[in-house]
Structures are given as C-alpha cells and as structure tokens.
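The numbers in mature numbering (1 follows the signal peptide of the UniProt record, and there is no 0) rise by one with no breaks, and the one at position 459 of the sequence shown is 459. Using N, Cα and C, we set each Cβ at its ideal position, and we do this for glycine too. First the structure, in the form of structure tokens, and then the observations on it.
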Amino acid sequence: KTVTYDFNVSWVTANPDGLMERKVVGINGQWPLPVIEVDKGDRLVVNMYNGLGDKNASIHFHGMYQNGTNNMDGPSMATQCPIPPGYNFTYDFTVDQNGTYWYHCHTEFCYPDGYRQALIVHDSDAFFNDDYEEELTWTISDWYHDFVEDIQFLSLYNPTGAEPVPNSFLLNDTQHSSIPVKPDTTYLIRIINIGAFVAQYFYIEDHTFKIVEIDGVYVEPKEADLLYISVAQRYSILLTTKNSTDKNYAIVTVADSDLLDVIEPELQLNNTNWLQYDADAPHEDAVMTVEASADLVPFDDFTLVPHDQMELLPEPDFEINVTVTMNNLYNGFGYAFFNDISYTAPKVPTLYTVLSAGDLATNSEVYGEFTHPIVLQHNDVVQVVLNNGDSGSHPFHLHGHNFQVIERAPPFNEHRNDYADGDPLTFDPANHTAFPAIPARRDTFVVPPQGYFVIRFVADNPGVWLFHCHIDWHLAQGLAMSFIEAPLQIQETTHIPQQHYDVCRAGGVPFEGNAAA
Ligand code: C2O
C-alpha cells in the first residue's frame, strides 16, 4: 500500500523542558512532530512544503537504504539541493526493511531546532511479535534554548569548534513525564536518540529488559539493564512489567558528561520520567546521582548477534583507512578532518555530478577533493578502518547501509579511561585476534576516545552515501566523506523528478537542466 504524509513545515512555539519557550520547527502547526509509521513493503510518500520563510531544509530518513532511490535520501548537496522557503519537495520510496528509524532535517543546522522524529516500520514477521502485548516509542534528546543560528558555532564568537552545551535533556520531547503501564504485561519499547550531540545512558530502576533490535537489525535477545545510546542509534527492548502496582519506577537518562566541555551547575544531566503503575502512588526521584554516573557500565553493543546469523563478510576487496582529528585551526576556525580533508559541500549535489559525468563518473576527481569522494566498485566488500586521533568519542553513521562492526578498541566499557594522556590506539592488522564469526550490524557506531573501529559492508546499493559523525556540530566542522558507490549503476537506476531540479534553480544552485540518466 502507499502511505502519504503531507508535511507543511513552519515555525511554531514550544516549551518542552518547562524552562524556556522558543520557536521550533513544526509540521502542520504541531510540535512534537508526527511519528511516521509504515508497514514493511509500503511505498512512503512525504510531500514536504518549506513554510519556514527564512531557512532552507530537507528530510533524511535515517537508516533507509533508498535502493534505487538515492535522490530521496535527503542530505543537502549530496543527493539533492536544499529546499528553499516556499518550495515543495516530494520524497517517494519503497520501504523494504523493518524496525526502528527516524527522520531529520539534513541541511546545515536544521535538526537541532526540533526538526526530527521517529519513523517506525512495522513487520508482521518479526521473530518477537508473539512475545509482547503492547508497543511504545520513546525518543530521547538533548535540547537547546537558543536557535542554532544564534549559537553562532564556528563564528568569531566561537571559532574553536567547542561544541555548544545543551540546556536540557528530553524524553518524548518533554521532561519528568509519567508513562502509564499495565502490570504483568510485556512491552516492546523502541528507544531512539534523536538528539544533535549528546549520547545518553538509559535505564529503568529495578527493571531489566531484553534487547531485540538495534538500528533496524533484529538481534538474538540479550538481557540488559543499562544502555548507552549515541545520537542516531536505536534500541528495541522487551520489558515485562512487575505484577504489583504499588510503586512507580524512574526511567532515567543520564547525559554522557564526558562529551561536554563545560557543565554549568544548573544543567541537569539526569532526566527522570516514570514508568507509572499507579497514578496515585509516589513518583520518587531517581536514586542515582550524577557523580555515580561515572561508574555506569552499559551493555556492549559489539557483542550483539544478528538474528539472521549473517556471517562475517569475506576479506575486503577495498579498504578505506581514515584518521579523525578535531578542531584543527584552518582559516582561523576549528575544523574536523578525515586524514587531511575537511568535508565542504560541493556547488552542485554530488549525485547530480554522477548523473552528468558519463563515464568520467568513476573518476573521483570529478567530485572535487573537498567532498572527500571515494568511488566504490559495485558489490565489493569494503572495509573502513577508522582511527580516532581525538580525545572524544564519535558516533559514525553510513547512509544507505548497515555495516558489520568487526573490531573496536579499547573495549566499550573502558571508554571512561583517560586515553587523552597517552598515544592513540591504532588498528594493526598484524596484531589482532579473530573477528567475530557473526558480527553485530548497525548503521551508527561509536568510536572510543583515541581508539578505533573496523567495519565491513558490501557495496551493493548504488548511490552517493555520506559517511559522517552524527554529532551535528562535527558534521558542520567537516567530519564527513562521500562514498560514490557504483556510479555507472547509479546512472542506470536513478531518475530525478523535474521538481527536484526546480528546487535547485530556485535556490540559485548553478545546475543546468536535466542530467538524464
Ligand atoms: Cu541521520 Cu547523515 O544522517
């Protein structure tokens, strides 16, 4: 079936943390934004009208493969032009995957103003469907009181690239709310970090649960009581409630304070909400204190086993080796680099260059060095070795794919060790034990401070796909690169509606006419 959403995007006001009313990006006059829900196999159509008046926008459907529909992926200047105020853009694609996703604006700095929400793909065949009675979706997020523009990141006001510190943390776009539950009932709870920057610990006092999905990949159920959820990551858990209703229990998120340069005393790193068994019973504050959060030991996602038992991919045909460095001064401002390149958006969307370049599309030079283009051969096994020269952790996301996570060091629960004083660990192929036989797969994975990870995927999805740090500040600093996957196949499979080109011309992008595929 076809599921259609009409999104009239405009400014509305909201006060999600009760501390500050501000303008946020609304859809059809509402905020929080509508959750997109489809069934696996549906065609999803989102007609977006940019009614913001003063700001460009776009929508990325995070985690969607967009196989054959690369031009519907959403990142400005990678696969489309930014949509100027007063213009429509229709996203139209088939959803051949399942699980928990989200959508967010993907044009310079537009999602921290509230333009992000859950996207759920229901699956009548999920292996855990008989194991739960009720379903809930919980988003967690950091929140800023200022407009993104007013924060003036990488301006003379903040030239160094120090990440702006959020003012508060939200669950379902609010704070301290009570979520009613029935006793003795199993819930499927989808948890999504839709924030712009800060990873969060998550737990429910005196409850354990089973992880059954990460980033759209079903996993063998694993018991856990504490998750670490970076921005853009998703977890589905099965939670069975207690059989007595005499008490309510705190649902706690704790911001990863290691990511924050400065913590003003008024910033509440913990956000307590309640699993409410009985509205009349007390709603007590969480027991955990912020100091103790340094001892939190979260579940290690590297150990999860995909339910489909997909084995380790064969030795790579192609390897990409990158080192991350942050806040290197360049023209007086602190940029981020993969090797020696800080991503800068091209003048024409990279996808349109693929379509107009003919046979030259296989030559990475046509894309311009500052998009950090890497041309991938169709169906190659690709390995990315990412060494983190920075003393902060980073959640890396690859568009159009999930990937096997085959090595990460130091081990996740040693994140808190202070590597900043020592030399970074770097991946040494000669000196590692075996990769897991059935590695975890996901689309967003955290590299530890001064550590590394190794990931593998098959280049079986022709398209222009960004690979980037999902901290929006770091993306703005250039911590991104472009994978141009199977460009000649992109030319065969991608057809761009005239409306998409019209949006370019309206925005003054120097792009001429129809680059026929
Ligand atoms: Cu949610 Cu470029 O990604």
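Opening and closing residue of the alpha helix (DSSP H) in which residue i lies
i           : result
Cys504      : 498-506
residue 519 : Limits of the chain in this structure are 1 at one end and 517 at the other, which puts residue 519 out of reach.
Trp473      : 472-476
Leu488      : 487-493
Val148      : 148-151
Residue j beta carbon less than 7 Å from that of residue i
i           : j      : result
Ile191      : Trp138 : yes
Gln72       : Ala345 : It should be noted that the sequence gives Met, not Gln, for residue 72. Result no, Cβ atoms of Met72 and Ala345 do not sit closer than 7 Å.
Met481      : Asp390 : no
Pro449      : Gly400 : no
Asn60       : Pro84  : Here residue 60 is His; the residue named in the question, Asn, does not match the sequence. Contact: no.
Tyr249      : Ile204 : yes
Tyr277      : Thr245 : yes
Val446      : Pro410 : no
residue 518 : Thr107 : Residue 518 is absent from the model: the chain starts at 1 and stops at 517.
Thr444      : Ala232 : yes
Asp251      : Leu275 : It should be noted that the sequence gives Ile, not Asp, for residue 251. For Ile251 and Leu275, yes; Cβs fall inside 7 Å.
Phe338      : His372 : yes
Phe128      : Val25  : no
Gly99       : Gly216 : yes
residue 591 : Asp173 : Absent from the structure is residue 591, since the part of the chain shown begins at 1 and ends at 517.
Tyr452      : Asn402 : no
Ala281      : Lys242 : no
Gln175      : Asn271 : yes
Ser124      : Leu170 : no
Thr426      : Pro462 : no
Ala357      : Val366 : yes
Glu133      : Thr186 : yes
residue 579 : Phe302 : Not covered by the structure: residue 579. The range shown for the chain is 1 to 517.
Val464      : Thr79  : yes
Ala286      : His474 : no
Gly161      : Gln499 : no
Ala506      : Tyr115 : no
For residue i, the residue or residues it bridges with in DSSP
i           : result
Ser230      : Looking at the DSSP assignment, Ser230 forms no beta bridge with any residue, so it has no partner.
Ile263      : In the DSSP output, where bridge partners are listed per residue, Ile263 has none listed.
Ile72       : Note that residue 72 is Met in the sequence shown, not Ile. Met72 pairs with nothing; no bridge assigned.
Lys40       : Its beta-bridge partners do not exist; DSSP assigns none.
Gln30       : Ile27
residue 548 : Absent from the structure is residue 548, since the part of the chain shown begins at 1 and ends at 517.
Glu135      : Leu188
Thr253      : Phe202, Asn271
Val45       : Thr4, Asp92
Gly334      : Leu329
Glu319      : Gln383
Ser10       : Gly26
Val217      : Ile214
Val121      : Val38, Gly99
Thr174      : Leu171
Asp142      : Phe169
Phe483      : Ile374, Trp465
His104      : His60, Arg116
Val324      : Phe338, Asn388
Pro180      : Gln276
Pro306      : Val219
Bounding residues of the beta strand (DSSP E) (the contiguous stretch that carries residue i)
i           : result
Thr350      : No beta strand (DSSP E) contains Thr350, which is instead part of the alpha helix (DSSP H) from 350-356.
Leu188      : 186-193
Asn388      : 381-388
Phe445      : 444-447
residue 518 : Outside the modelled stretch of the chain, which goes from 1 to 517, sits residue 518, for which no answer is possible.
Pro314      : That residue, Pro314, is in no beta strand (DSSP E); it is neither H nor E in DSSP.
Tyr65       : First-last for Tyr65: undefined, no H or E at that position.
Cys469      : 463-469
Met77       : Per DSSP, Met77 belongs to no beta strand (DSSP E) and is neither H nor E.
Gly53       : Neither: Gly53 is in no beta strand (DSSP E) and is coded neither H nor E.
Phe299      : Run containing Phe299: none; DSSP gives neither H nor E here.
Val458      : 452-458
Ala341      : Correcting the residue type first, residue 341 is Ile in the shown sequence and not Ala. No beta strand (DSSP E) contains Ile341, which DSSP labels as neither H nor E.
Phe396      : 394-398
Closer than 7 Å to chain B by CB, residue i
i      : result
Asp256 : Looking for chain B here will not work: only one protein chain is present.
Q | Cβ contact check for the stretch 429-448 and the stretch 307-320: 3 or more pairs under 8 Å | A | Yes: the two stretches touch, three or more of their Cβ pairs being nearer than 8 Å.
Q) Using 8 Å as the threshold, is the stretch 194-208 in touch with the stretch 238-258, meaning 3 or more CB pairs across them? A) yes
Q. How do the stretch 289-296 and the stretch 358-374 stand: do at least 3 beta-carbon pairs fall below 8 Å, yes or no?
A. In short, these stretches do not touch, since the Cβ pair count stays below three.
Q) Would you call the stretch 3-14 and the stretch 43-56 in contact, with 3 or more CB pairs under 8 Å? A) These segments touch.
Q. Are at least three pairs of beta-carbons, each pair with one atom in the stretch 8-15 and one in the stretch 148-163, less than 8 Å apart?
A. no
Q. Can you give, in chain order, each stretch of the beta strand (DSSP E) that sits fully within the stretch 401-440 and has at least 3 residues?
A. Counting only runs of 3 or more, we get 403-409.
Q. Are at least three pairs of beta-carbons, each pair with one atom in the stretch 375-387 and one in the stretch 313-327, less than 8 Å apart?
A. yes
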